[in-house]
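First up is the structure itself, then whatever we jot down about it.
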Amino acid sequence: MEFLIITSIKLALILFVFMTTLAYLQWVERKVIAHVQVRMGPSRVGPHGLLQPLADVIKLITKEGVLPPHVNTFYYLAAPFLSVFFALISISIIPFGTGVEIPAFHMGGATYGPYKTMFELADANMGILLVLAISSMGVYGIALAGWSSNNKYALMGGLRSSAQMISYELPMSLAIAAPLLSIGSLNLRQISDAQAGYSLGVIPHWAIFAFPAPQFFSFIIFMIAAFAETNRIPFDLPEAENELVAGFHVEYSSMTFASFFMAEYANMVTVCSIATLLFLGGWQPLWPAAYGSNFVAPLIFAGAGAICMLHGMNPARPFDRITLPVFGVIFFGLAGLMAFPPTVPILMPMFWFLGKVGFLLFVFIWIRATLPRFRYDQLMGFAWKFLFPVALANLLITGFLVALVS
Amino acid sequence: MDLFFFLLFAFIAVACAVSVVLQKHPISCALSLVGTMASLAVLYLLLGAEFIAMVQVIVYAGAIMVLFVFVIMLLNAGEESSKGRSWIAKIAGLPALAALLGILGYAMLTFYPMVGPKASLVHFGDFTGGGAKEIGTALFTEYLLPFEVTSILILIAILGAIVLARKEID
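Protein chains in written order, with the numbering used here: chain S, -2 to 403; chain D, 844 to 1013.
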């Protein structure tokens, strides 16, 4: 019973935070790309366009969902559902912090607790394989969407997507296998815990810096394959708009259309979380707490609060006089929470984990703003002729080094 | 709880398997097969074979069935027509199926008593040797020869595929 209640609370929290993140990722993406291209980006709805995601969601929900007459109705409607289902389900096994312990407390004459819970919904023994399995199932949503639309462009998109996902799954799995050789566990929590500690006192034991075989190349291979698996530029061939109109989702409208975007962003978050857990040490800080890594978060948030306050004093727009101080107070509150000793062991791992995931997400958006799209034969040739052999060689060398040391 | 999930997913597996045969459209057949594979993976998981369950999903439901769907989409195969079945199949189909199931069931119960009603009951959670470590140890010690033979077989299949594909290019 207690398990059910705690899980429901966690489920509601994670769902709320995750959905909001997905909506705001769209805003961040538009803003970052705009600034890369020396534009303003969304700026009309709310201060700095901050309410744009809300407006988008309302627009998409209230739009008419058109059901074209020539589609295979069942699969046409099932495809976006499948996409979102497989994209959201893998977030349930991502541990995004160490966990939280609530000591026993009295309320209304009864004693509750002590409660102790991990941050992830399910602590799966085969976590990393489960993520691979779910992501390998995720291709059905896109393939079916392309096929059931009964449209040449959509079909081409679906075909490209399934071929691309199968091809890039191989280098991705090989890149995942290499760090696992020295870590020796498939459980995401244990993988992150295994990367704790520092060599020479400062260099973290993250897989990309690990001693016998630094996994730098696996990290790069994993990220390249991740771009292909999430259908992002430079590998967004399934929806290449100047060849295929919009690819697999050309016949979709309103919420069914939006659900493909939701699935794409959810997959991005999942892939970045996996990269963080496997290669960047999960929630292990960049340098030891003895050298003050615990003060990074309060300083960053206090700095953000100070900047907000400063701009609030000297507003560029009429509303900034109200909104910026509010944000400043929120940031100061967060900074205080991060420096408050009882919450530090809960919030610090979360800060480092989410910070790394956020950085990787920024890299995804940055690359989208920078690189042009590949040609389709280049994409396939790159996967099979370059990425796969390199990943294989990397796995062999890692295995050799790990065997040599142990 | 375990029994409930076992019955549920066993039912889904059988229903999807029947659907593979009965569906008219190749895509529906392929997706029903995906359903069977996925529910088999859940059954493995219930029996404690975690690694096999995950590999079942990754390899069968993920990779192989995606290839099936890919080929069906590429050929744009339409609905199969129900005409043109011989009258023998129409008359003797169901009785022959029943007879085959009967013979298979009898043979299994006779030659493999461990699966019959006299066998000791399977308890969920008894088997714990399903992790990656145990599987790896078993593969590289006890089953080394079958493992190596299988890898050679796969190598031959890859070579065969390359030879067949090259003929098309020349």
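We put the beta carbon where it would ideally sit given N, CA and C, even for glycine.
None of these values were measured; they are calculated from a predicted model.
9 Å Cβ cut-off: residues of chain A touching residue i
i	result
L129 (chain S)	Protein chains S and D are contained in the structure displayed, whereas chain A is not.
Presumed contact (8 Å Cβ cut-off) between residue i and residue j, rounded CB distance
i	j	result
C872 (chain D)	V863 (chain D)	5 Å
F350 (chain S)	F13 (chain S)	Incorrect: roughly 18 Å between the Cβ atoms, too far for contact.
P235 (chain S)	R157 (chain S)	5 Å
V900 (chain D)	A920 (chain D)	25 Å between Cβ atoms; not a contact.
I125 (chain S)	S270 (chain S)	Not a contact, Cβ separation roughly 11 Å.
G302 (chain S)	A332 (chain S)	6 Å
A119 (chain S)	S87 (chain S)	Incorrect: roughly 11 Å between the Cβ atoms, too far for contact.
R147 (chain S)	V68 (chain S)	The identity of residue 147 (chain S) in the sequence shown is Asn, whereas the question assumes Arg. The Cβ separation is near 5 Å, so the contact holds.
A130 (chain S)	G143 (chain S)	Actually they are not in contact, since the Cβ atoms of A130 (chain S) and G143 (chain S) sit about 22 Å apart, beyond 8 Å.
L57 (chain S)	S251 (chain S)	6 Å
V909 (chain D)	S159 (chain S)	5 Å
F329 (chain S)	A299 (chain S)	6 Å
P176 (chain S)	A204 (chain S)	4 Å
Cβ-based neighbour list, residue i, same chain, cut-off 6 Å, excluding 5 preceding and 5 following
i	result
L296 (chain S)	none
G138 (chain S)	A76, L79 and S80
S403 (chain S)	none
E922 (chain D)	K867 and H868
F214 (chain S)	N391
P342 (chain S)	none
G289 (chain S)	none
N264 (chain S)	A84 and T227
A344 (chain S)	Note that residue 344 (chain S) is Leu in the sequence shown here, rather than Ala. Hits under 6 Å: M335.
Cβ of residue i within 7 Å of any chain D Cβ
i	result
S159 (chain S)	yes
L156 (chain S)	yes
H122 (chain S)	Here residue 122 (chain S) turns out to be Asn, not His, going by the sequence shown. N122 (chain S) counts as touching chain D.
M134 (chain S)	yes
I91 (chain S)	no
I163 (chain S)	yes
L183 (chain S)	yes
L392 (chain S)	no
L85 (chain S)	no
L126 (chain S)	yes
Chain S within 7 Å of residue i, Cβ atoms only
i	result
F913 (chain D)	yes
V830 (chain D)	Since the first residue of chain D shown is 844 and the last is 1013, residue 830 (chain D) is not available in this structure.
A975 (chain D)	yes
M916 (chain D)	yes
V857 (chain D)	no
V909 (chain D)	yes
E893 (chain D)	yes
Cβ-based neighbour list, residue i, same chain, cut-off 7 Å, excluding 5 preceding and 5 following
i	result
G194 (chain S)	H202
L376 (chain S)	Q161, F232 and L234
A31 (chain S)	M37 and G38
F852 (chain D)	S882, V885 and L886
I895 (chain D)	Y887 and G973
R318 (chain S)	G309 and P312
S875 (chain D)	C859, S862, V863 and Q866
I200 (chain S)	F206
Contacting residues, own chain, Cβ-Cβ under 8 Å from residue i (five flanking each side not counted)
i	result
A938 (chain D)	In the sequence as presented, Ala is not what sits at residue 938 (chain D); that position holds Pro. Taken in chain order, the list of residues that qualify is empty.
F970 (chain D)	L890, G891 and A892
V266 (chain S)	F15, T18, L19, L22, I88, V354 and L358
I915 (chain D)	P869, I870 and A873
Closer than 6 Å: residue i CB and nearest the ligand GTP heavy atom
i	result
F213 (chain S)	The ligand content of the structure shown is nil, which means the ligand GTP is not present either.
Do the segment 379 to 394 of chain S and the segment 169 to 177 of chain S make contact, defined as three or more Cβ pairs closer than 8 Å?
Contact between the segment 379 to 394 of chain S and the segment 169 to 177 of chain S is present, because at least three Cβ pairs lie under 8 Å.
At a Cβ cut of 7 Å, what residues of the segment 375 to 388 of chain S count as close to chain D, listed as they run along the chain?
So the list is empty, because no residue satisfies the distance condition.
Contact the segment 886 to 906 of chain D vs the segment 131 to 147 of chain S: 3+ CB pairs below 8 Å
Using a Cβ-Cβ distance cut-off of 8 Å, the segment 886 to 906 of chain D and the segment 131 to 147 of chain S are in contact, since at least three pairs of beta carbons, one from each stretch, lie closer than that value.
Closer than 8 Å is the cut-off here; do at least three beta carbon pairs connect the segment 365 to 382 of chain S with the segment 317 to 326 of chain S?
Taking a cut-off of 8 Å for Cβ pairs, the segment 365 to 382 of chain S and the segment 317 to 326 of chain S do not touch, as fewer than three such pairs fall below it.
The segment 59 to 66 of chain S in contact with the segment 847 to 866 of chain D per 3-pair CB rule at 8 Å
Result no; under three Cβ-Cβ pairs closer than 8 Å.
With three or more C-beta pairs closer than 8 Å as the rule, is the segment 17 to 33 of chain S touching the segment 345 to 365 of chain S?
Output reads yes: the segment 17 to 33 of chain S touches the segment 345 to 365 of chain S.
Contact between the segment 221 to 229 of chain S and the segment 275 to 286 of chain S: three or more CB pairs below 8 Å?
Output reads no: the segment 275 to 286 of chain S does not touch the segment 221 to 229 of chain S.
Using a Cβ-Cβ cutoff of 9 Å, what residues of the segment 139 to 151 of chain S are near chain D? List them in chain order.
For the segment 139 to 151 of chain S, which is checked against every Cβ of chain D, the residues closer than 9 Å are A140, L141, G143, W144 and S145.
Do three or more CB pairs link the segment 239 to 251 of chain S to the segment 42 to 49 of chain S at distances below 8 Å?
With a cut-off of 8 Å, the segment 42 to 49 of chain S and the segment 239 to 251 of chain S do not count as touching, because too few Cβ pairs lie within range.
Cβ contact (3+ pairs, closer than 8 Å) linking the segment 391 to 401 of chain S and the segment 205 to 216 of chain S:
They touch, by the three-pair rule.
Hey, is the segment 176 to 191 of chain S in contact with the segment 263 to 280 of chain S, meaning 3+ C-beta pairs nearer than 8 Å?
At 8 Å Cβ cutoff, the stretches touch.
Please identify, using Cβ separations under 9 Å, the residues of the segment 862 to 883 of chain D that lie next to chain S, in order along the chain.
Within the segment 862 to 883 of chain D, contact with chain S at the beta-carbon level (separation under 9 Å) is assigned to H868, I870, S871, L874, V877 and A881.
Compile a chain-ordered list of the residues in the segment 210 to 242 of chain S whose CB is closer than 8 Å to at least one CB of chain D.
Across the segment 210 to 242 of chain S, no CB contact with chain D closer than 8 Å is found for any residue.
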